[in-house]
Amino acid sequence: MTRWNIRRRLIAAFLLLILLSLSLLGGYILWYFYQHNLETLNDNLLTNAQITEQLIEDSMAGPLEKAALDTQIKEAAVKNHIRITIIDNSGAVLADSWENPAAMDNHLNRPEVAAALAGNNGKSTRYSTTLAQNSLYVAVPIIKNTEILGVIRMASTLAQVEAAFSEIKSALITAILFTSLLSVGMGIKLARNFTAPMETITSAARKMADGKLDERVHINTNDEFQLLAHTLNNLSSSLEDKIAQIVAESK
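Residues in the sequence shown are numbered from 0 upward in steps of one, following numbering that gives the first Met the number 0.
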């Protein structure tokens, strides 16, 4: 009973170690993959925002024609397959490639807009009720002669990022399960190789305890098990010699 318990504990420990290692590695790969794709999308939106800022800077500085600006933004959005929103320095939406600007709420308190109005590049990830999906928002200030005239905000859904994430997650889970099955077989083999010498020594020791002092252990593992077997053989020989000596002296 004991030898099976030891073997099972070894198999369980080996499998647990493999599962823990694979889970940690898989988790890191998923995190890195998601963050890398998110940063790539962020860089793309930021580049487009900076280019658009240069194109409409003069329009924002002069007499504002909202209709013309809205048309310009919609054309740019179609080319880049992203949503573009132009916001003035009070948070009012001047143009949007998806929605009617007049029907949109003030954006002054949106985190990415607030960061851009403070002179920094803004970024935010949240659920978009307009797009009905999780989206990434990137905003840059529109600056003319050190004055912040407004904000250009670019938005893109995370659908592709999340779809790619789901695919690699499924692949990793499949790989972990497959590797775990292989690990069970490998663990059984390793545990058997480890406990086999112990079982041989235990069996021989029981026979010696039953009086079969001529029993010998023959294993060749070049480790502590072989040393233990050699010690047990010497002990058995020594006991056998002493018993023979006692019998001889008693005659």
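Beta carbons: idealized from backbone N, C-alpha and C, even for Gly.
These numbers come from a predicted model, not from an experiment.
(request) Consult DSSP for alanine 12 and reduce its assignment to one of helix, strand or coil. (result) Along the sequence shown, read from residue 1 onward, the residue named residue 12 stands at position 13. Alanine 12: helix per DSSP, three-state reduction.
(message) Using only the alpha-carbon positions, how far apart do leucine 116 and asparagine 105 sit?
(response) On the sequence shown, residue 116 is found 117 positions in, with the first residue counted as 1. On the sequence shown, residue 105 is found 106 positions in, with the first residue counted as 1. Going from the Cα of leucine 116 to the Cα of asparagine 105 covers about 14 Å.
(request) Leaving aside the five residues before and after glutamate 239 along the sequence, list all residues of the same chain whose C-beta is less than 6 Å from its C-beta, in chain order. (result) Locating residue 239 in the sequence shown gives position 240, where the first residue counts as 1. The answer, listed in chain order, is Leu212.
(request) Kindly provide the ranges of any beta strand (DSSP E) runs that are 3 or more residues long and lie completely inside the stretch 83 to 156, ordered along the chain. (result) 92 to 95, 121 to 127, 132 to 143, 146 to 156
(message) Between the alpha carbons of asparagine 79 and alanine 102, how many angstroms are there, rounded?
(response) The count along the sequence shown starts at 1 and reaches residue 79 at position 80. The count along the sequence shown starts at 1 and reaches residue 102 at position 103. Rounded to the nearest angstrom, the two C-alpha atoms are 24 Å apart.
(request) Take leucine 171 and list the residues in its own chain whose beta-carbon comes closer than 6 Å to its own, dropping the five residues that flank it on each side. (result) As a first step, residue 171 must be located in the sequence shown, where it is residue number 172. Contacts found: Gly25.
(message) Assuming contact is defined by CB atoms lying nearer than 8 Å, are isoleucine 151 and valine 139 in contact in what I supplied?
(response) Locating residue 151 in the sequence shown gives position 152, where the first residue counts as 1. Locating residue 139 in the sequence shown gives position 140, where the first residue counts as 1. Yes, they are a contact pair.
(message) My output table needs one value for threonine 1: the three-state DSSP class, helix, strand or coil.
(response) In the sequence shown, residue 1 corresponds to position 2, counting from 1. Its pLDDT being 47, under 50, threonine 1 is placed unreliably by the model, and the measurement read from it follows with that caveat. Helix.
(request) Check whether the Cβ atoms of valine 216 and leucine 231 lie closer than 8 Å to each other. (result) Against the sequence shown, residue 216 aligns to sequence position 217. Against the sequence shown, residue 231 aligns to sequence position 232. A contact, by the Cβ cut-off of 8 Å.
(request) Compute the distance between the beta-carbons of tryptophan 97 and arginine 82, then report whether it is under 8 Å. (result) Position 98 of the sequence shown holds residue 97. Position 83 of the sequence shown holds residue 82. Result yes, Cβ atoms of tryptophan 97 and arginine 82 sit closer than 8 Å.
(message) Excluding the 5 residues flanking phenylalanine 32 on each side, which residues of the same chain have their C-beta closer than 7 Å to its C-beta?
(response) Residue numbering aside, residue 32 sits at position 33 when the sequence shown is read from its first letter. Shown here for phenylalanine 32: same chain residues with a beta carbon closer than 7 Å to its own, the five before and five after excluded, namely Phe164, Ile167 in chain order.
(request) Note down, in chain order, each residue of its chain lying with its Cβ closer than 6 Å to the Cβ of alanine 203, except the 5 sequence neighbours on either side. (result) Taking the first residue of the sequence shown as 1, we reach residue 203 at position 204. Once the five neighbours on either side are set aside, the close Cβ partners of alanine 203 are Glu214, Val216.
(message) Three or more C-beta pairs under 8 Å: does that hold for the stretch 63 to 77 against the stretch 190 to 200?
(response) Contact between the stretch 63 to 77 and the stretch 190 to 200 is absent, because fewer than three Cβ pairs lie under 8 Å.
(message) Would methionine 153 and leucine 37 be called neighbours here (beta carbons separated by less than 8 Å)?
(response) The residue you call residue 153 lines up with position 154 of the sequence shown. The residue you call residue 37 lines up with position 38 of the sequence shown. No, they are not a contact pair.
(message) So, for serine 236: in the same chain, excluding its five sequence neighbours on each side, which residues have a beta-carbon less than 6 Å away from its beta-carbon?
(response) Mapped onto the sequence shown, residue 236 falls at position 237. Result list for serine 236: empty, nothing under 6 Å.
(request) Quick one: measure Cβ to Cβ for threonine 194 and isoleucine 5, integer angstroms, because I've assumed they're closer than 8 Å. (result) Taking the sequence shown and counting its residues from 1, the one referred to as residue 194 is at position 195. Taking the sequence shown and counting its residues from 1, the one referred to as residue 5 is at position 6. Confirmed, Cβ separation roughly 6 Å.
(request) Could you spell out the range, first to last residue, of the alpha helix (DSSP H) harbouring isoleucine 187? (result) Taking the sequence shown and counting its residues from 1, the one referred to as residue 187 is at position 188. Counting along the chain, the alpha helix (DSSP H) containing isoleucine 187 begins and ends at 158 to 208.
(request) Spatial neighbours of asparagine 133 within its chain, please: CB distance less than 6 Å, with the 5 preceding and 5 following residues excluded, ordered by chain position. (result) As a position in the sequence shown, residue 133 is number 134, starting the count at 1. The beta carbon of asparagine 133 lies closer than 6 Å to those of Tyr126, Leu157 in the same chain, with the five residues before and after it left out.
(message) Just to confirm my understanding: we take arginine 2, look at its own chain, exclude 5 residues before and 5 after, and list those with CB closer than 8 Å. What are they?
(response) One-based indexing of the sequence shown puts residue 2 at position 3. Any reading at arginine 2 must be qualified, since the residue scores a pLDDT of 48, below 50, and its modelled position is unreliable; the value itself is stated next. Contacts found: Thr194, Met197, Glu198, Thr201.
(request) For phenylalanine 177, count neighbouring C-beta atoms within 10 Å of its own C-beta (all shown protein chains included) and say buried if the count is 16 or more, exposed if not. (result) Along the sequence shown, one-based indexing puts residue 177 at 178. Taking all protein chains in view, the Cβ of phenylalanine 177 is surrounded by fewer than 16 other Cβ atoms within 10 Å, so the residue is classified as exposed.
(request) Please work out which residues of its chain come closer than 8 Å, Cβ to Cβ, to glutamine 49, disregarding the five sequence neighbours upstream and downstream, and give them in chain order. (result) Looking up residue 49 in the sequence shown gives position 50. Cβ neighbours of glutamine 49 beyond the five flanking positions: Val139.
(request) Use the C-beta contact count for glutamine 53: other C-beta atoms within 10 angstroms, 16 or more gives buried, fewer gives exposed. (result) On the sequence shown, position 54 is the one that residue 53 refers to. So glutamine 53 ends up on the exposed side.
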